[in-house]
Amino acid sequence: MEVTLKIFRFNPEVDKRWHYETYRVNAEPTDRVLDLLEYVKGYIDGTLSFRRSCAHGVCGSDAVRINGMNRLACKTLVRDLGDKITVEPIMGLKVIKDLIVDMEPFFENYKKVLPWFINNSPLPADGKERLQSPEARERFDDTTKCILCACCTTSCPSFWGSDDYLGPAALVAAHRFIFDDRDEAAAERLQIISETSGLARCHTAFNCTMACPREIQITKAIGELKLATITGRLD
Amino acid sequence: MNNQPSSRKLLTWFNPLGRNPGAWAFILNRLTGLGLTFYLFLHLIVLGRLAQGPQAYEEFLELTKSPLVKLGELLVIGAVIYHALNGLRVVLTSFGLGIRQQTQMFYLSVLLALVGTLVFAIRMFAG
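As given, the protein sequences belong to chains A and B, one line each in that order.
Last residue of the first sequence: number 234 in numbering that gives the first Met the number 0, and the count goes up by one each step with no gaps.
Last residue of the second sequence: number 126 in numbering that gives the first Met the number 0, and the count goes up by one each step with no gaps.
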């Protein structure tokens, strides 16, 4: 099938403003959008810039806006889109070139929630590992799946409005550690996400839940965090 | 914060295409919220007429009998009911309650707002 591929282009060294380029490419219905981007870069216009790394939906590099929805280019098939496909950079972050955006503000927000394991107690007597029950592990299983692609945060209207909002991805990371019973910094993290740039900016538009390529129930996780800040309970 | 086209950003904010019911609820909540804020000012201006004496107020009230104003009032009624009910839905979903039922709650809010508006419409135009 022939696909009309419309791609957002912006070269800061030449262009004063962004524009769109249209390419006609042959594609199989089972091709991924990433395949089309690779084809354009390889055979039509080598200056097209986009991020890709593993190309298998794990590294989270190739988050782009496909027909208006945030998706991983490597996980989105042509057959689910039809023969008119528009590819644009994710919103709310500065465009560096074409489909590449400056992810730094996204990672700055991520770091604010202390997204690492904190436990300063002495190791158990055998000195090996801190055991956890399967039930306790299950409590935060959903939020361990995040690959930091930024699909959720850049689909959030609150984040479009102000990039000092922590955003869904950072809150998902906070959830992953706050509900981990081996971690000891839950209170500190709850304090951080209770500030004005945190939980209160979530208005439950469910855009994040829809955008997540890992199908994390993000709005639900944020709701659990909100409850935890009020009740102080982590069960 | 962003060098992507700003007009597109505003449109995207209110673009219902390719979104989910949760986002439609959000968009509608924003629009009705803006509308009700506008109405609040209108309302205060009308009440301000009272300061000019009963006659000025009565004269102004005559205006509200025109069908166009009545239609506007119906919009306000619909917006109030939707905004209030969806507000409750947002309170629940904010705390992780009824996340699975959020779509149904949205449709119910819209349905009740339509029914409420219809009831008022019948009373206003027939009564």
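A virtual CB, placed ideally from N, CA and C, is assigned to each residue, including glycine.
In this text, all values refer to a predicted model and were calculated from it rather than measured experimentally.
Point to revise | Reference R136/A, options F176/A, W17/A, M0/A and E223/A, closest by Cα | key: F176/A
Practice item. Name, please, each residue of chain A whose Cβ falls closer than 9 Å to the Cβ of G201/B. Key: The question about residue 201/B has no answer here: the residues shown for chain B are numbered 0 through 126.
Practice item. Could you work out which residues of chain A lie near L16/B, taking near to mean beta carbons separated by less than 8 Å? Key: G67
Review point. If you count every other CB in all the chains shown that lies within 10 Å of the CB of W115/A, and 16 or more means buried, which is it?
Key: exposed
Practice item. Using a Cβ cut-off of 9 Å (strictly closer), state whether A135/A contacts chain B. Key: no
Exercise for review: Would you be able to state if there are at least three C-beta pairs under 8 Å between the segment 215 to 222 of chain A and the segment 108 to 121 of chain B?
Suggested key: no
**Study point:** Interface flag, W115/A vs chain B, CB-CB below 9 Å
**Key:** no
Point to revise | Secondary structure of M246/A, DSSP reduced to three states | key: Because chain A in this structure spans residues 0 to 234, residue 246/A falls outside the shown range and cannot be described.
Exercise for review: Please state whether DSSP places K83/A in a helix, a strand or coil.
Suggested key: strand
Exercise for review: Could you pull the start and end residues of the beta strand (DSSP E) that K96/A belongs to?
Suggested key: V94 to K96
**Study point:** A185/A and L122/A closer than 9 Å at C-beta
**Key:** no
Review point. In chain order, what residues of the segment 200 to 217 of chain A put their CB closer than 9 Å to some CB of chain B?
Key: C201, H202, T203, A204, F205, N206, T208, M209 and Q216
Practice item. Return the bridge partner residues of N25/A from the DSSP annotation. Key: E1/A
Check your understanding: Between the Cα of K87/A and the Cα atoms of G41/A, C53/A, N118/A and L33/A, which residue gives the shortest distance?
Key -> Position check: residue 87/A holds Glu in this sequence, whereas Lys was assumed. Per the Cα distances, L33/A.
Check your understanding: What are the partner residues of R63/A, as DSSP defines its beta bridges?
Key -> The sequence given here places Val at residue 63/A; Arg does not occur at that position. Bridge partners of V63/A: R70/A.
Review point. Along chain A, which residues have their Cβ under 9 Å away from the Cβ of F25/B?
Key: P156, H202, T203, A204, F205 and N206
Practice item. Note the first and the last residue of the continuous alpha helix (DSSP H) segment covering C207/A. Key: N206 to A210
Point to revise | The alpha helix (DSSP H) enclosing K144/A, as first and last residue numbers | key: Element bounds for K144/A: n/a, residue is neither H nor E.
Review point. Between V57/A and the rest of its own chain, which residues show a CB-CB distance below 7 Å, the 5 nearest in sequence each way excluded?
Key: I146
Point to revise | Distance CB(I43/A)-CB(V63/A) smaller than 9 Å | key: no
Exercise for review: Could you check the C-alpha separation between A172/A and L113/A for me, to the nearest Å?
Suggested key: 8 Å
Point to revise | DSSP bridge partner residues for R31/A (one or two, in chain order) | key: L76/A
Point to revise | Same chain, Cβ closer than 7 Å to D180/A, neighbours up to 5 away in sequence not counted | key: Q131 and A135
Review point. To the nearest angstrom, how far is it from the Cα of A50/B to the Cα of W23/B?
Key: 41 Å
**Study point:** Rounded distance between the beta-carbons of S52/A and K96/A, thought under 8 Å
**Key:** Contact doesn't hold; Cβ gap of about 17 Å is too wide.
Review point. Between W17/A and V94/A, is the Cβ-Cβ spacing less than 9 Å?
Key: yes
Point to revise | Residues near A78/B in its chain [Cβ-Cβ closer than 7 Å; skip 5 each side] | key: T31, G34 and L35
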